[in-house]
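Structure record follows, encoded as structure tokens.
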């Protein structure tokens, strides 16, 4: 793991940095890829950012994120689809081959209704995405987010959704943070690989104890997730893409980001 | 639901009250049952508390809680088994027909190892429990607790564990708070009922947004769980026991508990 060519970092991981600084710093450190969060593109031309990334010798891995399809209100669902079409256009301009979908959930309705609306939303966006050369990756989110961020909370549920949509342009983004606890995860990762829909692999760690539902993620090796085991399962299931470090952490965002980048690389080498 | 004869309240729900006050207040309100948490027995004779409960016209529904079996260290596992034998004796003295198990997890080892140790622990305790007329109810805990409180995080996992132990004295305690998000829950509740192992049914609600992983539970009707739907599924699967209100909430513990008891009863009548 001394080779960093398959290491990708999410701009949200080093959130205090502008994307220009992030590109420069990641490239200087030898990092291979970058996943861009939409807030990092604010006020910028996505095509120009894409050129800057490639000129620095980095690869654009994904754009984060689309999704949030479900709503009791039909107009809100239509607006969500329009927003996702904009996300697809941004990804195409940026040169991102994948858009990660945080699918959404409306707590005012049954989860099964939200799941149906997610499938409808993806189908409504997918044709444009396929034409643009942008794949859609459903990210199952930890069940603690079922009250709003996503009604897709397990690998099984993500696979079932992909079966429902049934298009090779729609697959799964696996984040160990969300699925590490699941006794069915290994079998469902294999199912995902067999179907040819393993599109992305995100890593970090689960801090013990976790102080915040959202912003207390840990570096690989600091928590209770066996990240290398998941890497072997994912790669043994046919995935050969980037290992993407995605960490939301108020404690890491508050420290010197250059030093933090060194820590990320060290954690990747030892526990990635 | 005007009839409160099948309503049970956990002493932990009205934690600021001593058990003596809780018994008096629940009985006066017409509540049918009480589930006793071990901390409420501190410094008291369980047999005397049991008599006091029955004299007040209440039924002892369960004792909470045993479990916490897994540990990397073998001596710690032996100590946990000894502690659980004490819990069984307490339940027998109290007259509780069920002990609820929060199974535990040691984040220093793989979850599968913790699951094996849970099965071993239950088997080691079960003979004494059976002889004492005390059934053991495995409570699957929400996946956000897989880092320490329990390696059993879904109904499927609880059913698989019961299959492994394979004794009619060991079953499942269902808490809607832990399983509401799970697309497999309905099928696994039915599996649980068919196997004759639906031992307990706990209700509350999931607040949106949830501020704390442990202490921000809501009253039925305040959150996004369809409690009546789960009640119908559980009762349609053969369960005819108490509906137990179990709420950990710093905000409710800080209010007048008599007023809170009225709110619990109102929520039970409208959304139980």
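Chains as they are written, first to last, in our numbering: chain A, 1257 to 1528; chain B, 1257 to 1528. Heads up, the beta-carbon is just placed ideally off N, CA and C, and yes, glycines get one too.
Best match in the options for proximity to residue i [C-alpha to C-alpha]
i, options, result
"residue 1340 of chain B", "B:1351, B:1359 and B:1350", "B:1359"
"residue 1353 of chain A", "A:1427, A:1445 and A:1449", "A:1427"
"residue 1488 of chain B", "B:1420, B:1299 and B:1446", "B:1446"
"residue 1283 of chain B", "B:1387, B:1309 and B:1493", "B:1309"
"residue 1432 of chain B", "B:1368, B:1450, B:1409 and B:1422", "B:1409"
"residue 1373 of chain A", "A:1336, A:1430, A:1493 and A:1455", "A:1336"
"residue 1369 of chain B", "B:1465, B:1344 and B:1333", "B:1333"
"residue 1307 of chain A", "A:1498, A:1348, A:1272 and A:1324", "A:1348"
"residue 1477 of chain A", "A:1361, A:1425, A:1415 and A:1525", "A:1525"
"residue 1404 of chain A", "B:1270, B:1462, B:1497 and B:1312", "B:1462"
"residue 1483 of chain A", "A:1468, A:1458 and A:1467", "A:1458"
"residue 1455 of chain B", "B:1390, B:1298 and B:1303", "B:1390"
"residue 1386 of chain B", "B:1448, B:1423, B:1365 and B:1413", "B:1423"
"residue 1429 of chain B", "B:1396, B:1523, B:1364 and B:1275", "B:1396"
"residue 1495 of chain B", "B:1394, B:1452 and B:1355", "B:1452"
"residue 1517 of chain A", "A:1275, A:1281 and A:1416", "A:1281"
"residue 1301 of chain A", "A:1317, A:1351 and A:1329", "A:1351"
"residue 1268 of chain B", "B:1460, B:1490, B:1523 and B:1522", "B:1460"
CB contact below 7 Å: residue i versus chain B
i, result
"residue 1423 of chain A", "no"
"residue 1247 of chain A", "In this structure chain A extends from 1257 to 1528, so residue 1247 of chain A is not present and cannot be described."
"residue 1400 of chain A", "yes"
"residue 1413 of chain A", "yes"
"residue 1409 of chain A", "yes"
Test: residue i CB closer than 7 Å to a CB of chain A
i, result
"residue 1496 of chain B", "no"
"residue 1509 of chain B", "no"
"residue 1318 of chain B", "no"
"residue 1340 of chain B", "no"
"residue 1464 of chain B", "yes"
Residue i classed as buried or exposed, judged by whether at least 16 other C-beta atoms fall within 10 angstroms
i, result
"residue 1327 of chain B", "buried"
"residue 1258 of chain B", "exposed"
"residue 1399 of chain A", "buried"
"residue 1362 of chain B", "buried"
"residue 1331 of chain A", "exposed"
"residue 1272 of chain A", "exposed"
"residue 1411 of chain B", "buried"
"residue 1211 of chain A", "Residue 1211 of chain A lies beyond the range of chain A shown here (1257 to 1528); nothing can be said about it."
"residue 1346 of chain A", "buried"
"residue 1510 of chain B", "exposed"
"residue 1323 of chain A", "buried"
"residue 1406 of chain A", "buried"
"residue 1515 of chain B", "exposed"
"residue 1304 of chain B", "exposed"
"residue 1500 of chain B", "buried"
"residue 1298 of chain A", "exposed"
"residue 1467 of chain B", "exposed"
"residue 1294 of chain A", "buried"
"residue 1313 of chain B", "exposed"
"residue 1485 of chain B", "exposed"
"residue 1479 of chain A", "buried"
"residue 1321 of chain B", "buried"
"residue 1492 of chain B", "exposed"
"residue 1342 of chain A", "exposed"
Any non-hydrogen atom of the ligand SAM closer than 6 Å to residue i Cβ
i, result
"residue 1493 of chain A", "The ligand SAM is not part of this structure, which contains no ligands at all."
Problem set entry | Residues, ordered as in the chain, of the segment 1429 to 1442 of chain B that lie near chain A by beta-carbon distance below 8 Å | Listed by position along the chain: 1436, 1437, 1438, 1439 and 1440.
Problem set entry | At least three beta-carbon pairs within less than 8 Å, the segment 1501 to 1509 of chain A to the segment 1455 to 1472 of chain A | Three or more Cβ pairs drawn from the segment 1501 to 1509 of chain A and the segment 1455 to 1472 of chain A lie within less than 8 Å of each other, which places the two stretches in contact.
Exercise. Counting Cβ pairs closer than 8 Å, one from the segment 1289 to 1302 of chain A and one from the segment 1261 to 1278 of chain B, do we hit at least three?
Worked result: At 8 Å Cβ cutoff, the stretches do not touch.
Problem set entry | Stretch-stretch touch, CB-based, cutoff 8 Å, three pairs: the segment 1433 to 1442 of chain B with the segment 1374 to 1392 of chain B | By the Cβ rule, the segment 1433 to 1442 of chain B does not count as touching the segment 1374 to 1392 of chain B, because fewer than three pairs are nearer than 8 Å.
For this session: Taking only beta carbons into account, state which residues of the segment 1294 to 1321 of chain A come closer than 9 Å to chain B, listed in chain order.
Result: Residues: none.
For this session: Compile a chain-ordered list of the residues in the segment 1467 to 1493 of chain B whose CB is closer than 7 Å to at least one CB of chain D.
Result: Of the chains in the structure shown, none is chain D; the protein chains are A and B.
Exercise. When Cβ atoms are compared, which residues of the segment 1354 to 1387 of chain A fall closer than 7 Å to chain B?
Worked result: From the segment 1354 to 1387 of chain A, only 1363, 1366 and 1367 have a Cβ closer than 7 Å to chain B.
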